[in-house]
Structures are given as structure tokens and as C-alpha cells.
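Chemist: I am attaching a structure below and will ask some questions about it afterwards.
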Amino acid sequence: MQLIPPDLAPPPPMEEGQAGPGAGEAAPAGPRLLYPSGRAPVPSAEGPRTIAPRPGGGESGIEMGVLGQVEESSIGLLGDGNGGLGALMWAGTNRLDAERLLPELPGATRETVLDDLQRRLLLTTAAPPSGATGGESLLYLRLERLMAAGDGAALRQLLADQPSEDMNAGAAKLRAEAFLAAGDVRGACLSLAALPVGGDPLGNPLAAFSMQLTALCQADADNAIAANLSADLAREQGLEAPLFYALLAQKTDGLKLDAPAPEKLTPLLYALYLSAERKLPENAGAIAVPAVLPDMMSRSEAPLAARIEAGERALALNLAAPSELAALYGDAKLPAKAETGWAARAALFQKAAAESVTASQAALISEALTSMEEDVGFAAGARLYAPLMASIPPNGADPVLGAQFVRAFAVNQDRVRASMWLNTLTEAGHKRPELDELKGVVRLLEGQRGQPADMEAATSQLHLRISEGGAARAVAAREAMLLDALGYPLPTEIWTRLLDGGELPDGLMPPPQTMRALERAAQEGRRGETVLLALVITSEAGLAGVHPQALASIVSGLGRVGLKEEAHRIAIEALLAVSGAGLQSRS
């Protein structure tokens with residue numbers, strides 16, 4: 007059954023003899039095309055173009071290291087045995103397609119499963135795509151997206167042994183920025199040999215960066231005269247950078263000049279603040295680019311506000327372990343009245359950690375999760391409070407608190423505790439729409455662990471929620487389409503009821519050629535390309551905003567290239583993204 011909206015062309019027919027989706031023992035066939043609505047964006051003028059910590063993170067259990075001496079574009083940190091997507095993940099992919107699509111990856115994102123897939127895609131040691139090239143360096147494209155995602159640590163490790171003369175200028179700049187983001191000026195200066203000398207700093211950002219890095223490196227080498235001459239040359243050529251000049255003067259001559267506060271704290275400015283021993287702005291944690299955050303939160307000389315805000319953003323963007331923010335919160339010396347912002351969140355953490363009465367501790371955690379929803383994100387709060395929540399036994403007295411806890415355990419992929427809390431709430435007689443939505447999430451968690459899903463119960467619950475209409479129907483429709491994409495059988499009457507009840511949920515629908523490219527890549531087993539397209543499709547609107555048919559195609563495609571666990575994780579996060587269950591801000 008295919009119900010295609012008028013603004014989308016139907017998919018091309020199968021050629022005779024071509025194997026259809028789901029052939030053999032492959033994952034389930036492609037999802038049903040069941041989307042009579044959707045916002046199709048204007049096609050580009052260019053034409054078609056475990057929730058686990060990040061690999062190598064402190065709590066990931068994955069150790070990273072450069073694997074062997076290989077071609078530049080194929081170097082990586084992850085192999086088949088430690089989270090990589092496979093040495094042949096680009097087999098069959100056209101290089102021009104990869105060059106066009108890699109810049110469209112999302113970069114920094116709060117959506118954990120997408121962040122994990124992106125990092126694995128960018129850090130896998132794999133033979134590069136074949137075919138003609140548009141002249142783009144695949145290594146540079148990967149490094150640029152890693153830096154945009156904030157993973158300066160991986161970039162530094164990836165290029166630790168790469169000679170500067172073997173890099174193009176763009177890659178050398180990124181390597182320098184990765185070291186500057188860690189406050190390592192000397193490490194950054196090793197990239198100077200590959201950066202351009204001269205050039206117009208007004209029209210060429212690379213030339214402007216090279217000039218500023220040259221002056222900083224000269225100052226770091228205690229050559230104040232050369233550093234000041236370099237700064238004077240930059241001024242003469244029209245480079246407007248008053249904050250840079252002021253910080254450099256403080257570094258070279260001890261002059262503390264007035265300068266405008268930065269609107270964005272780049273790696274270069276951050277390293278210069280540290281090198282000049284000038285106090286970082288109080289809001290540094292809020293305005294720093296993602297790559298700077300992990301280092302800033304560990305700097306004892308930085309203002310407490312900057313450190314904690316950096317830590318909160320780092321955790322939300324999957325750049326720091328929950329234990330690192332917990333240590334910051336726990337050790338913070340807070341003002342007497344910590345009523346708003348980061349101070350209030352830190353105070354709540356300290357109270358919850360110190361509370362010995364279980365019921366009171368649960369109430370404090372619930373308040374803390376609510377306080378983190380808007381500014382930091384519920385998912386980050388769930389990861390932060392997971393150790394405290396693990397020791398609290400299920401309680402069905404408060405359905406609002408209970409729903410929060412079920413959602414938090416689901417975010418953390420803790421199927422056992424999520425099921426226990428949900429069962430306790432059900433046994434207590436609570437009948438609330440959000441609990442029905444959480445049952446769908448827990449059902450997917452059980453399927454991810456290989457347990458057979460109770461599809462009879464799922465069908466019954468979906469019937470009821472579809473009949474309710476409104477937001478409940480929209481979430482139920484997404485759940486049905488995701489279940490179908492994962493290969494769970496649903497009776498025909500579910501689809502009939504959905505279509506009879508009006509339009510299905512809306513969302514951003516990618517161009518038809520992108521959807522066809524995803525279908526072909528998955529069908530032909532091109533794992534790297536399938537992951538790349540999945541990430542590009544979700545990069546603009548996220549899991550909550552993309553059309554459910556596109557989500558279903560992503561889930562189905564990942565399953566067909568052997569990434570079944572990741573397919574389940576995307577389905578779980580996608581359902582949580584559209585459901586308000588357990589969120590006080592949506593109640």
C-alpha cells in the first residue's frame with residue numbers, strides 16, 4: 007500500500023529480477039509508504055547530493071588508537087572490534103556523493119544516537135570511496151565535521167603523528183584549533199608550517215588565522231618583538247580584531263587594555279585568554295564553541311559560572327561524562343541564595359546527593375530533572391542522575407514523578423528499571439495518556455534486547471490511542487510506523503484506522519532523490535553511505551521534526567545494513583522526542 011502526497015514523486019519501480027527489501031534473512035522490508043502529509047523542502051540547486059558515551063570517552067569502555075600506516079583519507083581511530091562501522095563501509099559509494107554529503111552532517115547535536123553514529127562514521131578506519139573526485143580532501147571534510155561536533159580530543163589523537171607537510175592548509179588549521187581548544191599553544195604551533203604565509207586577511211579567513219596564530223606562537227616563544235611586529239602587520243592589512251590585539255598586548259607587554267567582550271569564544275581566543283593569564287568572561291561557558299567546553303570545565307582558574315555552564319553544555323552535547331559534571335556540581339561553593347540558572351541546578355544536585363530519605367531524594371531528583379529540561383536538556387539530566395536514581399525502588403504513589411523516572415531510565419537504555427517503574431504505576435491503577443506512550447517506548451527497549459514484543463498488547467494500545475485523536479494519535483502513528491520499519495507485524499486494521507482518522511503527523515520530508523538514494527544504499531548494503539544519508543536527513547529538523555515516513559525509512563535502512571541495535575535506538579529516541587511523557591515543560 008502506497009499513499010504518496012501530491013508533491014512527492016513515487017519511488018522508481020523495481021527492475022525485473024531485482025531483489026526487494028527484506029530479501030533472504032535481511033532485516034525487515036522497507037517501511038510502508040503511508041504519508042499523506044509532509045513539508046517537502048525546495049530541492050537544492052546542486053541536485054541530489056548502547057546510549058553509549060562517545061567512542062574513547064571516559065566511560066565508554068572503548069579505547070581508541072590510530073590503526074596502522076594507511077592512506078591519509080582512510081586513517082581513523084575505530085576498527086571492527088571497537089565501534090567502527092567496518093573497513094569496507096564505503097564500498098560501492100561514489101566519492102563525489104561522499105564529498106557532497108559529508109559537509110551536511112549535523113556537527114554538534116544533543117541527540118545521543120545521532121551523535122554516536124556521526125562520530126563512528128567520521129572516526130572509522132576504512133578504505134575511501136572510489137571514483138572521480140571534485141578535488142575535496144576527504145580527510146579535511148571529516149576533520150571539519152569532527153571539530154564542528156566539538157570532538158577536538160579525537161582530532162588531536164587522529165593527527166598526533168601526521169607531519170604538517172603532509173596536510174593541506176585547511177586540515178592544518180583544524181589541527182591547530184583542536185590544540186588551541188585544549189589550551190595547548192605549542193601543539194597548535196606545529197601546524198604553522200602547513201599554513202599560508204601572507205595573503206589578504208580581509209578576504210581570506212585562512213590567512214587571517216595564520217597571521218594571528220603566528221603572532222601567538224611568537225609570543226609563546228617569548229619573542230615579544232616579533233609578535234608585536236606580526237600584530238602591526240595584521241593591523242596595517244586591515245584585520246579588525248581588537249580583542250585579539252588586547253590579549254596579545256597583555257601576553258607580550260603586560261598591558262591590560264580595554265577590549266570588547268567576545269560574542270563567541272573561539273579556540274584561538276580561548277588559548278590567548280589562558281596564555282595572557284586574563285580572566286575568562288563569566289559567560290564564557292555559554293559563548294564558547296563546543297570544542298572548547300571539555301577543557302574549560304576542567305580549568306580551576308576559570309570562573310565557577312563558566313566551568314559549570316561549560317560542563318552542562320558539554321554533557322548535553324555528549325562531550326563529557328556525567329561523572330565530570332557531577333564532580334563540578336558536588337564541589338561547587340555556591341552563593342547563599344542559589345535560586346536560578348546553573349547555581350540552582352548545582353544546589354539541587356548537592357541536596358539530592360546528600361539526602362538519605364528515599365522519598366525525599368526522589369522528589370529532589372524530580373525537581374532537578376524538571377529544572378534541567380529547558381536549558382540543559384532532559385536527556386543530560388537523566389544521565390547525570392542515573393547513579394542516584396538506580397538506588398530508589400519503584401513507587402506508584404505519584405504518577406507524575408513515576409513517568410519522569412520511566413522516561414529517564416528509557417533515555418539511559420535501562421530497560422529493567424524502566425519496566426519495573428512502569429509496571430508499578432500500572433498496578434497502582436494509574437491510567438494516563440503519557441503512561442501509554444511510555445509503554446510503547448519500553449516495548450522498543452525490550453525488542454532492542456532481543457525479547458519478543460507483545461504485539462497483541464501493542465495493537466490494542468495503538469487502537470485506543472489512535473481513537474483519542476490529537477497529540478496521542480500523532481505519537482501512536484509514529485510508533486506504528488517505526489514498529490513496522492523494525493519488522494514487527496501489525497494488523498491491517500491499524501493502518502485502516504490511521505487513514506480513516508485523518509492526516510498522519512506532519513514533518514520535514516527530504517527531497518525524493520534523497521529518499522531514493524537512502525533506499526538504494528541500504529538495499530545494496532552500502533553501510534557508510536546509509537549512515538551518512540540517515541544523518542543528513544535528520545540534520546535540519548532532528549528526530550522530532552523529520553517526517554515519520556523518513557524516520558521509518560532510516561530505521562529500516564539501518565537494519566538492512568546490519569545496524570539493528572542502532573535502528574532500535576533511533577526509534578526509541580524518535581518516540582521520546584515527540585512524546586511529552588515525563589516532561590513537566592509539556593504537561
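555 is the number that our numbering gives to position 549 of the sequence shown; each next residue is one higher, with no gaps.
Glycine included, each C-beta is placed from N, C-alpha and C at the ideal position.
Just so you know, these numbers come straight off a predicted model, no measurement behind them.
Looking only at its chain, what residues have a beta carbon closer than 7 Å to the beta carbon of residue 334, apart from the 5 residues adjacent to it on each side?
Modeler: Cβ within range, chain order: 303, 313, 314 and 317.
Chemist: Tell me which same chain residues have a C-beta within less than 6 Å of the C-beta of residue 355, skipping the five on either side of it?
Modeler: Excluding sequence neighbours, residue 355 sits near 335.
Chemist: Mind checking residue 3: buried by the 16 CB within 10 Å criterion, or exposed?
Modeler: Nothing can be reported for residue 3: it is not among the residues displayed for the chain, which extend from 7 to 593.
Chemist: Can you tell which of 290, 254 and 523 has its C-alpha closest to the C-alpha of residue 270?
Modeler: Checked all of 290, 254 and 523; the closest Cα to residue 270 is 290.
Chemist: Candidates 293, 86 and 250: which alpha carbon is nearest residue 225's?
Modeler: Ranking 293, 86 and 250 by Cα distance to residue 225 puts 250 first.
Chemist: Can you tell me the Cα-Cα spacing of residue 246 and residue 202, whole angstroms?
Modeler: Cα to Cα, the separation comes out at about 19 Å.
Chemist: Rounded to whole angstroms, what is the Cα-Cα separation between residue 321 and residue 143?
Modeler: Their Cα atoms are separated by approximately 31 Å.
Chemist: Report buried or exposed for residue 533, applying the criterion of at least 16 other Cβ atoms within 10 angstroms of its Cβ.
Modeler: Residue 533 is buried by the Cβ-count criterion.
Chemist: For my contact list, residue 82 and residue 129 are in at a C-beta cut-off of 8 Å; report their separation, rounded to the angstrom.
Modeler: Their Cβ separation, rounded to whole angstroms, is 5 Å, which keeps residue 82 and residue 129 in contact under 8 Å.
Chemist: Here's the rule: buried if 16 or more other CB atoms are within 10 angstroms of the residue's CB, otherwise exposed. What is residue 578?
Modeler: That one is buried.
Chemist: Could you tell me the alpha carbon to alpha carbon distance between residue 576 and residue 432, rounded to whole angstroms?
Modeler: Those two C-alpha atoms are separated by around 26 Å.
Chemist: In this structure, what does DSSP give as the bridge partners for residue 130?
Modeler: 84, per the DSSP bridge assignment.
Chemist: Spatial neighbours of residue 158 within its chain, please: C-beta separation below 7 Å, excluding the five flanking residues on both sides.
Modeler: 184, 187, 188 and 297.
Chemist: Could you tell me if residue 592 is buried or exposed, where buried requires 16 or more neighbouring beta carbons within 10 angstroms of its beta carbon?
Modeler: The residue in question, residue 592, is exposed, as its Cβ has fewer than 16 Cβ neighbours within 10 Å.
Chemist: Roughly how many whole angstroms lie between the Cα atoms of residue 388 and residue 554?
Modeler: Distance between the alpha carbons of residue 388 and residue 554 is about 25 Å.
Chemist: What is the C-beta distance between residue 324 and residue 118, in whole angstroms, given that I count them as a contact (C-beta under 8 Å)?
Modeler: Yes, residue 324 and residue 118 are in contact; Cβ-Cβ is about 6 Å, under 8 Å.
Chemist: What are the complete alpha helix (DSSP H) segments, minimum 4 residues, inside the stretch 415-458?
Modeler: Listed in chain order, they are 421-433 and 439-454.
Chemist: Identify, in the order they occur along the chain, each residue of the same chain with its Cβ nearer than 8 Å to the Cβ of residue 52, setting aside the five sequence neighbours on each side.
Modeler: Legend: pLDDT at residue 52 = 39, less than 50; position of this residue unreliable, value from coordinates given subsequently. The residues are 106.
Chemist: Should residue 207 go down as buried or exposed, given a rule of 16 or more other Cβ atoms within 10 Å for buried?
Modeler: Classification for residue 207: buried.
Chemist: What do you reckon, are the CB atoms on residue 486 and residue 440 nearer than 8 Å?
Modeler: For residue 486 and residue 440, no; Cβs fall outside 8 Å.
Chemist: Using the C-alpha atoms, what's the distance from residue 569 back to residue 57?
Modeler: Model confidence at residue 57 stands at a pLDDT of 36, short of 50, so the residue's coordinates are unreliable and nothing is read from them.
Chemist: When you compare only the Cα positions, how much space is there between residue 396 and residue 368?
Modeler: Between residue 396 and residue 368, the C-alpha separation is close to 11 Å.
Chemist: Report back the beta-carbon spacing between residue 467 and residue 445 to the nearest angstrom; my notes put them in contact at under 8 Å.
Modeler: Confirmed, about 6 Å.
Chemist: Use the C-beta contact count for residue 174: other C-beta atoms within 10 angstroms, 16 or more gives buried, fewer gives exposed.
Modeler: Exposed.
Chemist: Reducing DSSP to helix, strand and coil, say where residue 404 ends up.
Modeler: Note: residue 404 maps to coil in three-state DSSP.
Chemist: Taking the continuous alpha helix (DSSP H) assigned at residue 388, which residues delimit it?
Modeler: Run containing residue 388: 384-395, per the alpha helix (DSSP H) assignment.
Chemist: What did DSSP end up calling residue 294 once you bin it into helix, strand or coil?
Modeler: In the structure shown, residue 294 sits in a strand (DSSP, three-state: E or B).
Chemist: Residue 100 by DSSP, collapsed to three states: which one?
Modeler: It is a strand residue.
Chemist: Pair every Cβ in the stretch 492-502 with every Cβ in the stretch 527-543, then say whether three or more of these pairs are closer than 8 Å.
Modeler: No contact exists between the stretch 492-502 and the stretch 527-543.
Chemist: Compare the C-alpha of residue 146 against each of 132, 169, 127 and 181 and name the closest.
Modeler: Residue 146 has its Cα closest to that of 181, out of 132, 169, 127 and 181.
Chemist: Let's test the definition: count the other Cβ atoms within 10 Å of the Cβ of residue 585 and tell me whether it reaches 16, buried, or not, exposed.
Modeler: Classification for residue 585: buried.
Chemist: Closest by CA to residue 1, which one among 383, 108 and 154?
Modeler: The chain is shown from 7 up to 593; residue 1 falls before or after that span and cannot be answered.
Chemist: Jot down the residue ranges of each uninterrupted alpha helix (DSSP H) in the stretch 184-230, minimum 4 residues, whole runs only, in chain order.
Modeler: Listed in chain order, they are 191-195 and 211-226.
Chemist: When burial is assigned at 16 or more other CB atoms within 10 Å of the CB, is residue 231 buried or exposed?
Modeler: Exposed, by the Cβ-count rule.
Chemist: Who are residue 136's beta bridge partners in DSSP?
Modeler: DSSP lists 100 as partners of residue 136.
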